[in-house]
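Numbering (our numbering), first residue to last: 155 to 1231.
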C-alpha cells in the first residue's frame, strides 16, 4: 500500500506519505526499515520536486514538510536551469508565499523554526540562480516587506544573513568565479537600502529577538560593506552606547565591534578606530574591574559570561593585531593600551585551551614584531664595545634603548610567567599493539598539544631573545621555589623544565652554560632530596628532557656529556613507568647530535667512549624491554656511522656492536639447519624477531657501513625466510586461512617481515650498487619471489613489493633485465588480490603501485618489451589505481599514468603511435570518469594534469596517427575528431547541460592545456556546473591549499632558523663544524 507513493503517474496521497514519515520517525523494526527505503526512493526520484507544493500545502506533519523542502533544495541546486522561465517563476513565487505565511505569525515562526530555516535556505539558493538578472527587485521587495510585520522583518534579516554568507563566505567552492563576482558587486551596489533597514531597527525596535537577529545579520555584513557605512555614520557609537553593556546583546555586539576593529582602513578613519578602542576598553573596565581574577571567576561563570570572556579575547587580539601602532601613536591611549594588554594577560591564565590559543596567536605576533624591530637596529646604533650586552646571538637586546619595547617591559615579564606556568608537554608517547600482537611505541607527531607546544616555544624564544636576564631570573626563582617546596608539584616542575628545554639556543654559550649548570645541579639535588619512587621518576624524566635539549652545551663540555650519558645508563635500570623510555629517547637525541664526540679519544681519556659503551652493552641494556633495546642500538649506530671515513675502525666497531645479537642468531640458525622444529618454539621465534629488529635499528642508523654485518648473515636470512615460508604454507594447507591468526604463524610471519625490512633498509642506503646487484638480488629472487607467487593471499607479505620497489629505485638500469621476472612473480597474484574491491589489502595496494611507479620511472624499456596482453594488463592496472577512492593510491595511479604518457611521448614514434591508437581514448574516457565523479574529488590535481597532457599531445601534433577510423571520417584532424568525441561524451553523461556550456568547456580544454593554472580554473568552473558537484567542493581546491601550506612551512622554517633558539636542537641541520673537535 505505502509503495503507491512511488507511482509518480498518479496524484500523491499526502496523508499516506505522512504515515510513512511517522513510521520512519516513530516506528520500529521491519516497518521502520521499509519506510526508510520508500522515503529514500521517493526523495531520489527525478520527479519528486513536482510533488513539493502539494506536500507543503496538505501535509500535517512537520517532518514531511521538511523532507519536501529538502527535495526542492536539491533540485534548485542541481537542475534549476533545466526548467523554462515560467516554471522557475512559479516555484519562486510559491516559495516566497510559504516563507511569508510561516514567518508572518510569530508563534508559527517559533514553533516551525527548523522548517522555516530550510525554506530560507531554498530561497537563497533560488536567489543565487535568479538574482539580479531575473529578479532585479529582490532587495527593494525584502526591505519593503520588512516594514509591514515585526516577525517577518526578523526572518528577512535571517534571509539577508544567509545570502551574505553564501556570496561572501562560501562562494569559492560553490559558484563559478564570474557568478560570484556579479553577485558581490550587486550586493554592494544595493547595500544602502539594507543598511537603512538595519539602522531603523537598531534605532527604533524594542523587540529583543528582532534586535538580536539584526545584530547577527549586521555581523555578517561588516567584513565586506563599503567602509563609509561604518566610519561615516554613527554605527560604532550606536553599538557601543546602546547595546554593548546590555547583557542579552553584549556578546553579538562585541562580535560586531571585533569585526569592525579588524578592518584595514586608511588614515582618514584612524580617529574613529581610536574612539572604538578607548570607548570599548572604558566600558570593559566598568564591566570587569581591572583587579578581577578572570581565571578564577571564569570557572564558576555562566555560559554567556564565559562566551563574553572569549569574545573579549577575540576583540583585543583582533584589534591590536590590526591597529596596535595606531593606538601606540595616539597620545591619549597610553594607559588603556597597557590596560588592554593586562586584560589579555589575565585572560591567558583562563583554563580553557581555545581561549588560550586566541591569546597566544596575538602574543606571538607582538613578540616577533618587537624582536625584529630591535634586531633591525643598525650596527652604527650599537655600542662600539658591546660588553655584557650580548647582541642578537645571546638574546641580549635588552641593553639597547628601544622605546617601543620599553613600553611593554612589565607586560612581557608577566607574559614570561604565564608561558612558563601554562607550558604544555612537548612530546607524546603512546604504547599500542600492532597487527602482529606486539607492543610498540607510537608517536603522535601532530596532536593538538604538539602544535600548541610549538607555538608556545616560539613565544618563549622571542621573549628570551628580548630579555635574557629576566627570563633567566624568572626560571631560576621558580626552580628555587621547587627546591624550597613552596611551588613543588609534578605539574609545576614539568612545566618549568619543558619551558627551560624549549629555549635551548636562545642564550649565548656563556649564559647558557651558567644557567644550565645551575638548573642541572638543582635538579640533581632535588632528585636526591625527594623520597618516593614517583617523585624521583618525575625529577629524573625532567633531568633527561632538559639535558636532551642542550646538545650545544654537551658538545662543548665532554666531561659533562659523559656524566650525563652515564646517568642515562643508570636511568635505564629504573623500572618506574616511562623513565626507561625517556632515558632511551634522550640517549638517541644526544647520539644523533654529538656522535663524533663518542668515537674519538677525548683529552684525559684512555680510549674513545664508544669502546666503553660496546664493552658494557650487555649490562647497560639488561633491564630494557626489546623495544628500548632497539632504540639503544639505533643510538649507538649513529655514533658508529660517524666513522664512515675509516672503514677498518668501523668494521671493528660493528663486529663488537653486533656481537650479542649475532651470538643469539648463530645459535638458533645452527639449530634450525639441523631441525626446523626449533622454529615451532615460541620463545626462539621471539628471540629471532628481536635480533632481526635490532639489525634493522642498527642498519637504519649505521647506513652503508652496515654491509660488514649484512654480508655475514645475508644467506642465512634468506634460508630462514624460506623455512618460515614453508612452515606457514604447511599450516595454512592443514588448517585453512584461520591458521594466519594463530600465534605460531603470526610469529613466523613477523620473522619474514623483519627480514624483508632489514633487506629494504640496507638496499635503500647502500653505496656499492654493483655489489648489491651481483650478490644480493638473485639470491633474494630465488628465496622470496616463488614464495610470494605460490602462497595464499593472506600469507603474501606486502613488504616484498616494498623491497622490489626500493631495489628498482636504487639500482635503476641494473634492474631492467630482471623486470620480467619480478612481474611474472608479483603482478597477476597481487592484481587478483586488489581488484576484487577498492579496500582489502591496503598495504599491498600501496606497495604494488609504488613498485609499478619505480619500474615505469627507471626501467621503462622493460615495459616496452612486454607481450601486448601483458602491457594491456599493466595499463589497466594503472587505470584501476586512479579509480581508487583511497587518495594515496589514486594519486600514485595518476602519477604513473602521467609519467607513462610522458615516457611514451619520448620513445620511438612507431611505438608511441601504436600506444595512442590502442589506449588514448580509453584513458581519456577514464580520466573524465574520475574527474566528474564525486568520490574522486581529492584527485583533482592529478586528474587535470593528465587531462592537460592528453590534450597537449593533440594540440601540439605529437600524435602522428589518426585516433579514429579514417574510412568512416575522412578529411578530419585529430583535434576536430576529439572536439566532437568529447562533446558527445559529456552530452550523453550530463544531458541537463546546454550544448553551449559544453562547447565553451571543450574549446577551453584545447586553448589552455599549456597554462596549468588557467586550465584548472576552467575545469573547476565546469565541474561546479555539474549536478554531481552540487555538494561540498573544497577538495577541488586541495592543490592550492597544500601548496600554500608547503610554502608557509618553508617560509616559517627559514624564519625560525634566523632566530636563535627557535628550532629545536634535534631539528637543526647538522653542520660540518658541529662535529669538529
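Glycine is no exception: its CB is placed at the ideal position from the N, C-alpha and C atoms. These figures come from a predicted structure and were not determined experimentally.
Worksheet item: If we ignore side chains and look at the alpha-carbon of each, how far apart do residue 180 and residue 506 end up?
Response: 40 Å
Practice prompt. Would you mind reading off the limits of the alpha helix (DSSP H) that contains residue 637?
Written response: 622-637
Discussion item. Quick check on the burial criterion: 16 or more other C-beta atoms within 10 angstroms. Buried or exposed for residue 621?
Written reply: buried
Worksheet item: Since residue 459 is in the alpha helix (DSSP H), which residue starts that stretch and which ends it?
Response: 457-483
Worksheet item: For the 8 Å Cβ check, are there 3 or more pairs between the segment 938-956 and the segment 979-989?
Response: yes
Practice prompt. For residue 923, decide whether its Cβ has a neighbour in chain C, counting only Cβ atoms nearer than 8 Å.
Written response: Here there is only one protein chain, and chain C is not present.
Worksheet item: Considering only residues of the segment 372-434, which uninterrupted alpha helix (DSSP H) runs meet the minimum length of 4 residues and lie entirely inside it, listed in chain order?
Response: 382-385, 389-392 and 404-415
Practice prompt. Leaving out five residues on either side along the sequence, give the residues of the same chain with a beta carbon under 6 Å from the beta carbon of residue 1159.
Written response: 1105
Worksheet entry | CB of residue 320 within 8 Å of CB of residue 272, strictly | no
Worksheet item: Using the rule of at least 16 other Cβ atoms within 10 Å of the residue's Cβ for burial, across every protein chain shown, is residue 892 buried or exposed?
Response: exposed
Worksheet item: Taking the alpha carbon of residue 871 as the point to measure from, which residue in 824, 960, 287 and 889 has its own alpha carbon closest?
Response: 824
Worksheet item: Cα separation between residue 563 and residue 371?
Response: 41 Å
Discussion item. Quick check on residue 1099: buried or exposed, where buried means 16 or more other Cβ atoms within 10 Å of its Cβ?
Written reply: buried
Discussion item. Which residue wins for smallest C-alpha separation from residue 479, given the options 468, 467 and 492?
Written reply: 492
Worksheet item: Which residues in the same chain have their Cβ closer than 7 Å to the Cβ of residue 1162, if we skip the five residues on either side of it in sequence?
Response: 1168, 1169 and 1172
Discussion item. Using only the alpha-carbon positions, how far apart do residue 795 and residue 561 sit?
Written reply: 52 Å
Worksheet entry | Where residue 1013 sits in the DSSP three-state scheme | coil
Practice prompt. To the nearest angstrom, report how far apart residue 791 and residue 641 are at their CA atoms.
Written response: 41 Å
Discussion item. Alpha carbons only, please: which of 608, 521 and 609 is nearest the one belonging to residue 567?
Written reply: 521
Worksheet item: Which whole-angstrom value describes the C-beta separation of residue 684 and residue 690, a residue pair presumed to lie in contact below a C-beta threshold of 8 Å?
Response: 6 Å
Item to complete: Output the boundary residues of the alpha helix (DSSP H) element that contains residue 1025.
Response: 1022-1036
Worksheet entry | Nearest-angstrom Cα separation, counted from residue 733 out to residue 569 | 32 Å
Worksheet entry | Enclosing alpha helix (DSSP H) for residue 1169 [first to last residue] | 1166-1179
Worksheet item: How is residue 247 classed by DSSP in three states: helix, strand or coil?
Response: helix
Item to complete: Give every residue of the same chain whose Cβ lies closer than 6 Å to the Cβ of residue 885, excluding the five residues on either side of it in the sequence, and list them in chain order.
Response: 893 and 899
Worksheet item: Among 527, 619 and 865, which residue has its Cα nearest to the Cα of residue 1214?
Response: 619
Discussion item. I need the straight-line Cα distance from residue 330 to residue 1178, nearest angstrom please.
Written reply: 7 Å
Discussion item. Suppose you measure from the CA of residue 323 to the CA of residue 472; what does that come to, to the nearest Å?
Written reply: 19 Å
Discussion item. Taking 8 Å as the threshold (C-beta atoms), are residue 726 and residue 694 in contact?
Written reply: no
Fill in: Which of helix, strand or coil DSSP assigns to residue 1218
coil
Worksheet item: Going straight from the alpha carbon of residue 559 to that of residue 673, what length do you get?
Response: 29 Å
Item to complete: Run the CB neighbour count on residue 904, radius 10 Å, all protein chains shown included, and call it buried at 16 or more, exposed below.
Response: buried
Practice prompt. List the endpoints of the continuous alpha helix (DSSP H) containing residue 176.
Written response: 168-180
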